[in-house]
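Chains as they are written, first to last, in numbering that gives the first Met the number 0: chain A, 0 to 248; chain B, 0 to 114; chain C, 0 to 135.
Backbone N, C-alpha and C fix where the C-beta goes; we use that ideal spot for every residue, glycine too.
Beneath this line is the structure, given in C-alpha cells, with notes to follow.
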Amino acid sequence: MTEETITLEVTRYRPGHDREPRTESFSVPYRKDWVVLDALNHIKDRVDGSLTYRWSCRMGVCGSCGMMVNGVPKLTCSAFLRDYHPGPIRVEPLANFPVIRDLVVALDDFLEKLRRVKPWLIRETEKPVAEGEYRQTPAQLDAYKQFSMCINCMLCYAACPVYGLAPAFVGPAAIALAYRYNLDSRDEGYRVREPILSDSVGVWECTFVGECSVVCPKGVDPAAAIQRSKVAGAKDWAMSVLMPWGGRK
Amino acid sequence: MSPGKTIEPLWWSLFSAGGVVAAFLVPVHLFLFGLAIPLGWVSVSHARLLALVGHPVVKLYLFVLIALPLYHWAHRFRFILEDLGLHGLRMPLAVLCYGSAIVGTVATVWVLIRI
Amino acid sequence: MSEARPARPGLYYPKLPATWWLRRPGYVRFMLREVTSVFVAIFVVELLVIVHKIGQGPQAYADMVAKLQSPGCIVFHVIALAFVLYHTITWFQATGVVQVVRVGDRQVPPALVVAGNYVAWVVASLFILYWLLVRS
Chain A
0 MTEETITLEV TRYRPGHDRE PRTESFSVPY RKDWVVLDAL NHIKDRVDGS LTYRWSCRMG
60 VCGSCGMMVN GVPKLTCSAF LRDYHPGPIR VEPLANFPVI RDLVVALDDF LEKLRRVKPW
120 LIRETEKPVA EGEYRQTPAQ LDAYKQFSMC INCMLCYAAC PVYGLAPAFV GPAAIALAYR
180 YNLDSRDEGY RVREPILSDS VGVWECTFVG ECSVVCPKGV DPAAAIQRSK VAGAKDWAMS
240 VLMPWGGRK
Chain B
0 MSPGKTIEPL WWSLFSAGGV VAAFLVPVHL FLFGLAIPLG WVSVSHARLL ALVGHPVVKL
60 YLFVLIALPL YHWAHRFRFI LEDLGLHGLR MPLAVLCYGS AIVGTVATVW VLIRI
Chain C
0 MSEARPARPG LYYPKLPATW WLRRPGYVRF MLREVTSVFV AIFVVELLVI VHKIGQGPQA
60 YADMVAKLQS PGCIVFHVIA LAFVLYHTIT WFQATGVVQV VRVGDRQVPP ALVVAGNYVA
120 WVVASLFILY WLLVRS
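Written out as C-alpha cells, the structure is:
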C-alpha cells in the first residue's frame, strides 16, 4: 500500500548564494498526528539535511518554531497537517523579519526591543530579602496575568503590518510586556517605561489592525495593551499640558 | 523623549473623540439628511430647522458633530496613506491631513456664527 | 521616522508591498474600517453645507434638498450609511477592548460594555429623531 503524502512548499534561502528566497517542494508522508514541524524534521532527517529552521520544545511553550504557514504566523509545533489537507502547505520564515537562512529569521531587533521596555519588576527602593516577598492578592494578579503569558515567539510581529512597514516600531509583544509590568501591583517602573512607550516609535505608531491578538498562540491581547497604553499616554500628556508645573504621578 | 515633546497624544485624543461622535451621532444624521428628508419619508420645515440651528446650544452641538469627526478622518487618512507605502512622506502627510481638519474647524465656526 | 535597522550583509530583508492589506481577511476588514472615516468626513462637510444653506433662507435650503434628491446622491448616501454603520460597529467593538470598566474589584465583561454602547447609541439616535421630527 502506498502511503498518502502531502506537499510542503518550503522557502529556501542561502546567504551569500541567493539574491532572494526561492521555494522548494517536498513530498512528505501525510499522517493525521503530524504537525508541520514533524514534516520539517522528516525532510531534514530523510531528504535534505541542509534545511534550516529553529525548534525546541515541540509543545507550544518555547516559542522558537514560529513560521508562516499558508501565510499565517503559526507555531509549527501546533499546526497539524490535517488542518491543511490536501495541501500543498506553504511554509515560509516569519514575515517582517530579516531572513538569515531558509526558515530562520534574525532575532536581534526583537531582543533589543524587549530589553528596551525593561520587562522586569522595577522598585524605587528594593526591600531587603529578609523582609520577605512582595505579596499580591488574586485580583492584583488577575489584572496583568493574561499579558504575562507571552512566550516571545514573535508571531505578533509577523502579523503586524505597521512593524513590516516601519521596523523601528517597538511592536506588540514588547509593549504588551511593558504594559504587563505597568499593571503589576509590585512594580514602580511606570515612569521609567513611559518615555519608551510614548516615543515616536512607541504606541502612537499602532493603527490597531488587531491581527497581533488574533495570531497569539497564548491568548495574549497585545492590541488591547497598546490601545490602553495610548489612553494612559493621552491622560499623561493632557496632565503635562494642563499642569506643567507638576501634577504628574 | 518625554510625553510633552510629541504631539501624537493630542491628535490621537482628537481622533478618539471624533470617533465617538462619528459612531454615536453621524449615522442618524446621515439617515435623516442623506435619505429620509430627500426621499420625503419625513418632512421638517425650513422655519423649524432655522430656529434650531440658530439656538446657541444647537450651534455648540453642531460644532462638536462636524469638527471632531474631521480630526477622526485626518488621523485615519494619514495612516491609510502611510500604510499604502507613503511612509517616507510622514511630515507632509500629517500637515496635509490635520491641516485640512483645522481648516474645516475654522469653516465650521465661520458658518455657525454667521447664522 | 528613521529606519532604525542597519542592514546586515547576507541577510534577506523582506519588503511589504503596498498591497499588503489584501493578504488576510483581517487586513481587509482593517482597511475597510479605516476607509469609513472618508465617508464620515464627506458627510460632516455636507452637513456643514446644509446648515449653511438653512441659514441662507428657504430657497437656498430647498435647492440644496433638490440636489440631495438626485439618484447619484441617494446611491452615495446608501453606501455612505453602510460605511458609517460599519464604523459604529467596529468602534463599539474596539471600545470593548480598550475600555476596562471596573465595578469594585471585578472587571465588567467587554461584551457588556459593547452592549451598553449599543443601547446608548439607539437611545441617542431615537432622541435626535424625536427632537427633530416630533417636538415641533
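Non-local beta-carbon contacts of B/S99 in its own chain, meaning distances under 7 Å to residues more than five positions away in sequence, involve A73 in chain order. The closest CA to that of C/Y26, considering only A/A167, A/V230, A/E210 and A/L7, is found on A/E210. Chain-order list of chain B residues neighbouring A/P160: D82, by C-beta distance under 8 Å.
Nearest CB-CB separation between A/P97 and chain C: below the 8 Å threshold. For the stretch 172-213 of chain A, the full-length alpha helix (DSSP H) segments reaching 4 residues or more read 189-196 along the chain. Against chain A, a Cβ distance below 8 Å from C/A93 picks out F207 and Q226.
For the pair A/T75 and C/W19, the Cα-to-Cα distance works out to about 23 Å.
Here C/A119 is exposed. Its C-beta has fewer than 16 other C-beta atoms within 10 Å. Residue environment: B/R77 is assigned as buried (16 or more neighbouring CB atoms within 10 Å of its CB, all protein chains considered). Within the model, the alpha-carbon separation for B/I112 versus C/V43 is close to 17 Å.
The C-beta separation of A/L50 from A/V27 comes to about 12 Å, leaving the pair out of contact by the 8 Å criterion. From the beta-carbon of C/V96, the residues of chain A found nearer than 9 Å are F207, G209, S212, D220, A222, A223, Q226 and R227. With its beta carbon less than 8 Å from one in chain B, C/Q68 belongs to the interface. Contacts between A/L164 and chain C, judged by CB atoms closer than 7 Å, involve L15 in chain order. Closer than 8 Å to the CB of A/W119 there is not a single CB belonging to chain B.
The beta carbon of A/P85 sits closer than 6 Å to no other beta carbon from its chain once the five residues preceding and following it are set aside.
Inter-segment contact for the stretch 212-232 of chain A and the stretch 163-180 of chain A is present: three or more beta-carbon pairs are separated by less than 8 Å. Here the C-alpha atom of B/W11 lies approximately 15 Å from the C-alpha atom of C/A93.
Counting only Cβ-Cβ distances below 7 Å, A/A233 has contacts in chain B at P8, W11 and S12, in chain order. Each of A/K217, A/S239 and A/S212 was checked against the Cα of A/I225, and the nearest Cα belongs to A/S212. Straight-line measurement puts the Cα of A/H41 at about 19 Å from the Cα of A/Y12.
For A/K73, the three-state secondary structure derived from DSSP is strand.
For A/T22, DSSP records a beta bridge to A/T10. Around the beta-carbon of A/M242, fewer than 16 other beta-carbon atoms lie within 10 Å, marking it exposed. With respect to chain A, the C-beta atom of B/T5 has a partner C-beta closer than 8 Å. Against chain B, the beta carbon of A/W203 has neighbours under 9 Å at T5, E7, P8, W10 and W11, listed in chain order.
Residue state for B/P26 is assigned as helix, using DSSP reduced to three classes.
Taking C-beta separations shorter than 7 Å and ignoring five residues to either side along the sequence, the partners of B/A93 in its chain run R77, following chain order. Scanning B/T107, B/L29, B/H71 and B/L83 for the CA closest to the CA of B/Y97 turns up B/H71.
Residue range P24 to Q55 is occupied by the alpha helix (DSSP H) that includes C/G25. Not flagged as an interface residue toward chain A: B/F76, since no C-beta distance is shorter than 8 Å.
In the structure shown, C/Q106 falls within a strand segment according to DSSP collapsed to helix, strand and coil. With a beta-carbon spacing of about 6 Å, C/A40 and B/L69 fall inside the 8 Å limit used to define contacts. By the CB criterion at 8 Å, A/L182 and A/A231 fall outside the cutoff.
Taking a beta-carbon distance threshold of 8 Å, A/V230 counts as an interface residue toward chain C. Under a 10 Å Cβ-count criterion, A/Y133 is classified as exposed, with fewer than 16 other Cβ atoms of the shown protein chains found around its own Cβ.
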